[in-house]
Structures are given as structure tokens and as C-alpha cells.
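Have a look at the structure below, then the notes.
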Amino acid sequence: MAGLKAGAPTPQAITVHEASRVLEVGFSDGATFRIPFELMRVYSPSAEVQGHGPGQEVLQTGKRHVALVNLESVGNYAVKPTFSDGHDSGIFTWDYLYELGQKQDALWAEYAERLAAVGADRDAPMAPKGGAGGHACGSH
């Protein structure tokens with residue numbers, strides 16, 4: 101994934117708002133987005149969330165109260181957040197942050213549809229990885 105498209109807006113200011121759990125990003129084209137940590141976590145660009153190809157996405161649940169515990173720069177093209185649930189493998193390029201900010205209403209709607217399609221609740225805990233017993237879907 102390329103970090104920046106030619107002529108793409110770049111961040112001028114990034115502020116972590118811990119109390120409201122949003123990342124505020126001001127871009128060079130004047131756009132400012134307040135991206136909820138939950139949205140970032142649910143749409144993390146990591147293979148752990150996105151899978152390794154179409155149809156392999158892992159639906160994330162129980163992320164409403166996730167916090168951002170660290171945010172580190174990745175070169176001059178991205179940031180790598182560490183979330184309070186331990187997830188830290190997503191690299192958010194400036195392009196991707198802009199897209200999350202710009203499309204967040206549609207992304208929230210898509211997330212709600214994906215939850216409804218499998219009868220899941222946004223606040224349900226994630227099924228354990230590896231499924232050591234139990235009867236959670238996908239644990240065998």
C-alpha cells in the first residue's frame with residue numbers, strides 16, 4: 101500500500117483526544133476529521149483484521165471502549181497506533197486516515213450491516229483466537 105498519492109493532502113496536525121476517544125487529524129487541504137478509535141480499530145488495515153484476501157476479513161466486536169495507548173510515526177507517510185486491547189499491527193497511511201475520516205458515516209453503516217448479517221452485537225466480546233474448546237463460531 102503506497103503511503104501517499106501524488107498531490108494527496110498531508111496531515112498538518114494530529115491530536116489524540118483520550119476522553120472522547122477520537123483521533124483528530126487536520127490535513128493540508130483544510131479538512132479536519134475526528135476519527136473514533138473504535139472505527140480505526142474495526143477498520144485496521146492489518147492482516148489480522150483485513151485477512152489475506154477478499155472475503156477473509158475478521159469482523160471486530162467489543163471495540164466501543166478501546167483506547168489508544170500509543171501512536172508512533174512510520175516514516176513520513178503513516179502512523180502505527182497501539183490500542184488498549186493489544187492490537188498494534190495496523191499501519192495507517194495518511195491516505196487511509198483521510199479515507200476513514202471522509203467516509204466514516206458510510207463505514208459505520210457498513211459495519212452495522214456486517215454485524216446484522218451475522219447476528220452479532222457491536223459490544224459482544226471477540227471470540228478467543230484458536231478456539232480452545234467452546235462453541236464459538238469459527239473456533240474449530
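In this note's numbering, the protein residues as written are 101 to 240.
Even for Gly, the Cβ is constructed at its ideal location relative to N, Cα and C.
Owing to the predicted nature of the structure, the values given are computational and were not obtained by experimental measurement.
Quick one, are the C-beta atoms of residue i and residue j less than 8 Å apart?
i: Leu168; j: Leu123; result: yes
i: Asp205; j: Arg164; result: no
i: Val142; j: Tyr211; result: yes
i: Gly190; j: Phe133; result: no
i: Thr110; j: Phe127; result: yes
i: Val166; j: Glu148; result: no
i: Pro145; j: Phe192; result: yes
i: Ala220; j: Thr161; result: yes
For residue i, which of the options has the nearest alpha-carbon?
i: Pro136; options: Ala119, Glu172, Asp195; result: Ala119
i: Met226; options: Pro154, Pro111, His187, Ala113; result: His187
i: Tyr177; options: Phe183, Asp195, Ser184, Asp185; result: Asp195
i: Ala113; options: Ala106, Arg121, Ala131; result: Ala131
Exposed or buried, which one is residue i when buried takes at least 16 other CB atoms within 10 Å?
i: Gly175; result: exposed
i: Glu172; result: exposed
i: Pro181; result: buried
i: Val218; result: exposed
Please name the residue or residues paired with residue i in a DSSP beta bridge.
i: Pro111; result: Phe127
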